[in-house]
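Beneath this line is the structure, given in C-alpha cells, with notes to follow.
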Amino acid sequence: MSSLYEEIAPTPAEGIAVRRITVNVNGADRTLDVEPRLLLADLLRQGLDLTGTHKGCDTTNCGACTVLVAGRPVKSCTMLAVQADGREVQTVEGLATASELHPIQEGFKQEHGLQCGFCTPGMMLSAKALLERNPNPTEDEIRWALSGNLCRCTGYQNIVKAVLWAAEKMRAESK
Amino acid sequence: MALDEIKIGGLGASRRRVEDNRFIRGKGNYVDDIVLPGMLHMEILRSPVAHARIKSIDTSAAWDMPGVRLVLTGEMMAARNLAWMPTLSYDTAAVLATDKVRFQGQEVCAVIADDPYIAKDACAKIVVDYEILPPIVNPVQAAAPDAVQIRDDKAGQVGNKVFDWEIGDKARTDKAFADADLVSKVELHYPRTHPSPI
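Residue numbers (the numbering used here), protein chains in the order written: chain A, 18 to 192; chain B, -5 to 192.
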C-alpha cells in the first residue's frame, strides 16, 4: 500500500438492528436509537456527552462507572443501554442543582475525599444510595457499601470521612 | 469559603484544592473524555500468548469493514522505522510486534475507526497465526541457565537479564554489612507496573 492513511468512505453498517429507547437521565427523558449491545456507560459518555461517569477497568472490577438506576448503584459498564429503557438513571452530573452542591459533593470537598478524582463520581453515587437507605451509617457500613468502588489514591480514609460528613449534614437538613 | 476564613501563609499552611470543583461535578477532562471534531477511535489487538513467533497476520477482513480507516501492523511500522522505540535504561520496546510476541497482551495490531465499537469488531476479524514458543512466567525461571531467550531482538543479548543498575559506594556498603551486629534479608516481589493516563 502506498500511504499509511487510505481513505475508506464511511458507510452505515448494514443489517445492524437498532432499538429506540427512552431513558430518564438526571430528570430528563432522552430518546435514542441504540444498538442492543451498547453499554449503558457508553450511552451516557458518548450518546449523551455525560463524561462524568468513568470507565476505569473494562472488567466490572473498579466501580468508577457506577450510576444509580432506579435509585440503586449499578456498574454501567456491565449493563446494556436497552436495559435502562423506561428507567430513571442518575449520574454525577445530576447530583448538584443549578445553585447548590449535593451534601455528598460538599463532603468530598471538605474532607479531602478525592485526589485524582477518577473514582469520585462512582464513590459519591454509591454513597448517595447508602445514605438514602441508611441515614446514619457506621464506618463499617460505609466501607461495606463502598466495597465495589476502588480507589488508588486516597487509601479510603478520607472517603469514609466525607460520607460521614455528608450523612451528618443530610440528617441536620432533614430535621 | 468566606474571605475572612482564608488564612494566608507559607510553608505548612493549608490550601483548598482548586481542582475539586470540577471533579466532584463530573467535569474533569480526562483523556477518554476528550471529544474533538472528526475524532477517530483506536482499538488494539493484543497477543493472547506469552511467547510466540508471528507467522502471518491477515487484516483483509478488518480493512473491508465500513468505518475502518486504518489497520496498522508491526510490518507497516517497521517499513517506516517506527516499530521499536527507546525506553528506560537504554533499552528498546516494541510499539507493535514484528517477528515475535514477547509477553501476553503485547500489542500486535491497531485499528483506527469512526467508532470504538467498529474498531473492536475489526480487531476481532484480524487473523494472527502464532507459532507458540515456551513461555517464561517469573524472574526465577528467566534467570535459569537453560531458559529460552525472550529478547533475541537485542544484538549481543545473552540470557534474559536486560540490565543491571547500581548506585552508591559498594565497598563502604559491604563494609557496613560486614561490621553489622545483625544482618537480615527480605525477598521482595514487585509486581509489574504499567502507568497509564486516566
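Don't be surprised by glycine CBs; every beta carbon is placed ideally from N, CA and C. Remember, predicted model here, so these are calculated numbers, not experimental data.
- Task: Kindly indicate which three-state DSSP category A:C90 falls into: helix, strand or coil?
- Result: The residue given as residue 90 of chain A occupies position 73 in the first sequence. It should be noted that the sequence gives Pro, not Cys, for residue 90 of chain A. In the displayed model, A:P90 falls within a strand according to three-state DSSP.
- For A:A113, decide whether its Cβ has a neighbour in chain B, counting only Cβ atoms nearer than 8 Å. The count along the first sequence starts at 1 and reaches residue 113 of chain A at position 96. Yes, because at least one Cβ of chain B sits closer than 8 Å to the Cβ of A:A113.
- Determine the direct distance from the alpha carbon of A:A101 to that of A:G130, and round the result to whole angstroms. In the first sequence, residue 130 of chain A corresponds to position 113, counting from 1. In the first sequence, residue 101 of chain A corresponds to position 84, counting from 1. Approximately 30 Å between the Cα atoms of the pair.
- Which residues, in order along the segment 124 to 158 of chain A, keep a beta-carbon less than 8 Å from a beta-carbon of chain B? F125, K126, H129, L131, C133, G134, F135, T137, P138 and M141
- Message: Could you tell me the alpha carbon to alpha carbon distance between A:C94 and A:L56, rounded to whole angstroms?
- Response: Taking the first residue of the first sequence as position 1, residue 94 of chain A is located at position 77. Taking the first residue of the first sequence as position 1, residue 56 of chain A is located at position 39. Computed Cα separation, rounded: 6 Å.
- Query: For the alpha helix (DSSP H) that B:C103 lies in, which residues bound it at each end?
  - Reply: Start at 1 with the first residue of the second sequence, and residue 103 of chain B comes out as number 109. Element bounds for B:C103: not the alpha helix (DSSP H) but the beta strand (DSSP E), E101 to A107.
- Message: Using a 10 Å radius around the Cβ and a threshold of 16 neighbouring Cβ atoms, would you call A:K92 buried or exposed?
- Response: Here residue 92 of chain A refers to the residue found at position 75 of the first sequence. Buried.
- Task: Consult DSSP for B:P133 and reduce its assignment to one of helix, strand or coil.
- Result: Locating residue 133 of chain B in the second sequence gives position 139, counting from the first residue. Looking at B:P133 - three-state DSSP - the assignment turns out to be helix.
- Does the beta carbon of B:K21 come closer than 8 Å to any beta carbon on chain A? Here the question's residue 21 of chain B lines up with position 27 in the second sequence. For B:K21, the answer is yes, since a Cβ of chain A falls inside 8 Å of its Cβ.
- Could you tell me whether any Cβ in chain B is nearer than 8 Å to the Cβ of A:I25? For the purposes of this step, residue 25 of chain A is taken as residue 8 along the first sequence, with counting starting at 1. Because A:I25 sits at a pLDDT of 31, beneath the cut-off of 50, its placement in the model cannot be relied upon, and the following sentence gives the value as read from the coordinates. Output row for A:I25: interface = yes.
- Task: For chain B, find out if any of its Cβ atoms is closer than 8 Å to the Cβ of A:E110; answer yes or no.
- Result: Here residue 110 of chain A corresponds to residue number 93 of the first sequence, with the count starting at 1. Put simply, the CB of A:E110 is near chain B, with a gap under 8 Å to one of its CB atoms.
- Could you tell me which chain B residues have their CB closer than 8 Å to the CB of A:G69, listed as they occur along the chain? As a working note, residue 69 of chain A is residue 52 in the first sequence. By Cβ distance, chain B contributes R19, G20, K21 and G22.
- Query: Comparing alpha-carbon positions, which option in A:H71, A:V84, A:V106 and A:Q132 lies nearest A:V42?
  - Reply: Position 25 of the first sequence holds residue 42 of chain A. Per the Cα distances, A:V106.
- Message: Three Cβ pairs or more, each shorter than 8 Å: is that satisfied between the segment 28 to 44 of chain B and the segment 95 to 103 of chain B?
- Response: yes
- Message: Between the segment 90 to 99 of chain B and the segment 61 to 78 of chain B, can you find at least three pairs of beta-carbon atoms closer than 8 Å?
- Response: yes
- Item | Rounded C-alpha distance that separates B:P80 from B:R96 | Residue 80 of chain B sits at position 86 when you count from the first residue of the second sequence. Residue 96 of chain B sits at position 102 when you count from the first residue of the second sequence. Their Cα atoms are separated by approximately 17 Å.
- A:V163: which of A:L142, A:R169, A:W182 and A:R47 sits nearest, CA to CA? By 1-based counting over the first sequence, the position of residue 163 of chain A is 146. Val is not the amino acid found at residue 163 of chain A; the sequence shown has Leu there. Comparing Cα-Cα distances from A:L163 to each of A:L142, A:R169, A:W182 and A:R47, the minimum goes to A:L142.
- Item | Where the alpha helix (DSSP H) through A:V180 begins and ends | For this step, residue 180 of chain A is matched to residue 163 along the first sequence. From DSSP, the alpha helix (DSSP H) with A:V180 extends over Q174 to E190.
- B:K49 and B:Y111: beta carbons closer than 8 Å? Walking along the second sequence from the start, residue 49 of chain B turns up at place 55. Walking along the second sequence from the start, residue 111 of chain B turns up at place 117. Cβ atoms of B:K49 and B:Y111: not closer than 8 Å.
- Integer Cβ distance of B:P191 from B:V29, believed to fall under 8 Å: In the second sequence, residue 191 of chain B corresponds to position 197, counting from 1. In the second sequence, residue 29 of chain B corresponds to position 35, counting from 1. The Cβ separation is near 16 Å, so there is no contact.
- Item | Classification of B:A137 by the beta-carbon crowding that lies within 10 angstroms, buried from 16 upward | The residue labelled residue 137 of chain B in the question sits at position 143 within the second sequence. Per the 10 Å Cβ criterion, exposed.
- Query: If you draw a straight line from the alpha carbon of A:L167 to that of A:F125, how long is it in whole angstroms?
  - Reply: The count along the first sequence starts at 1 and reaches residue 167 of chain A at position 150. The count along the first sequence starts at 1 and reaches residue 125 of chain A at position 108. Their backbone Cα atoms lie some 16 Å apart in a straight line.
- Message: As an exercise, report each continuous beta strand (DSSP E) stretch of at least 3 residues that is fully enclosed by the segment 31 to 55 of chain B, in chain order.
- Response: 35 to 40 and 46 to 52
- Leaving out five residues on either side along the sequence, give the residues of the same chain with a beta carbon under 7 Å from the beta carbon of A:E23. By 1-based counting over the first sequence, the position of residue 23 of chain A is 6. Low local confidence applies: a pLDDT of 25 at A:E23 is under 50, so the model's placement there is unreliable, and no value is given.
- Query: Which of the three DSSP states, helix, strand or coil, is assigned to B:I126?
  - Reply: Taking the first residue of the second sequence as position 1, residue 126 of chain B is located at position 132. In this structure, B:I126 counts as strand in the three-state DSSP scheme.
- Query: At what residues does the alpha helix (DSSP H) containing B:D27 begin and finish?
  - Reply: As a working note, residue 27 of chain B is residue 33 in the second sequence. No alpha helix (DSSP H) holds B:D27; DSSP gives it neither H nor E.
- Query: By a C-beta neighbour count over all protein chains shown, 10 Å radius and 16 as the cutoff for buried, is B:G6 buried or exposed?
  - Reply: Position 12 of the second sequence holds residue 6 of chain B. Looking at its Cβ environment, which holds fewer than 16 other Cβ atoms inside 10 Å, B:G6 is exposed.
- Quick one: give me the first and last residue of the beta strand (DSSP E) that B:R63 is part of. Position 69 of the second sequence, counting from 1, holds the residue named residue 63 of chain B. Taken as a continuous stretch (DSSP letters only), the beta strand (DSSP E) holding B:R63 covers V62 to T67.
- Distance, B:S8 Cα to B:D27 Cα: Within the second sequence, the letter at position 33 stands for residue 27 of chain B. Within the second sequence, the letter at position 14 stands for residue 8 of chain B. About 31 Å.
- Task: Give the residues of chain B in contact with A:K72, contact being defined as C-beta atoms less than 7 Å apart.
- Result: Counting from 1 along the first sequence, the entry for residue 72 of chain A is found at position 55. Under the 7 Å cutoff, chain B gives D26.
- Using the rule of at least 16 other Cβ atoms within 10 Å of the residue's Cβ for burial, across every protein chain shown, is B:I51 buried or exposed? Sequence index remark: in the second sequence, residue 51 of chain B carries index 57 (1-based). Buried is the call here.
- Item | Close beta carbons around B:A141, own chain, < 8 Å, minus the five adjacent residues each side | For the purposes of this step, residue 141 of chain B is identified with residue 147 of the second sequence, where counting begins at 1. Hits under 8 Å: I130, Q135, G153 and N154.
- Query: Comparing the C-beta of B:I192 with each C-beta of chain A, is any distance below 8 Å?
  - Reply: Position 198 of the second sequence, counted from the first residue, corresponds to residue 192 of chain B. Judged by the 8 Å Cβ criterion, B:I192 is in contact with chain A.
- Message: Strictly below 8 Å CB to CB, what residues from chain A border B:E13?
- Response: For the purposes of this step, residue 13 of chain B is taken as residue 19 along the second sequence, with counting starting at 1. Result: G134.
- If you drop the 5 nearest sequence neighbours on each side, which residues of the same chain put their C-beta closer than 6 Å to that of A:P120? The residue labelled residue 120 of chain A in the question sits at position 103 within the first sequence. Around A:P120: A183, K186 and M187.
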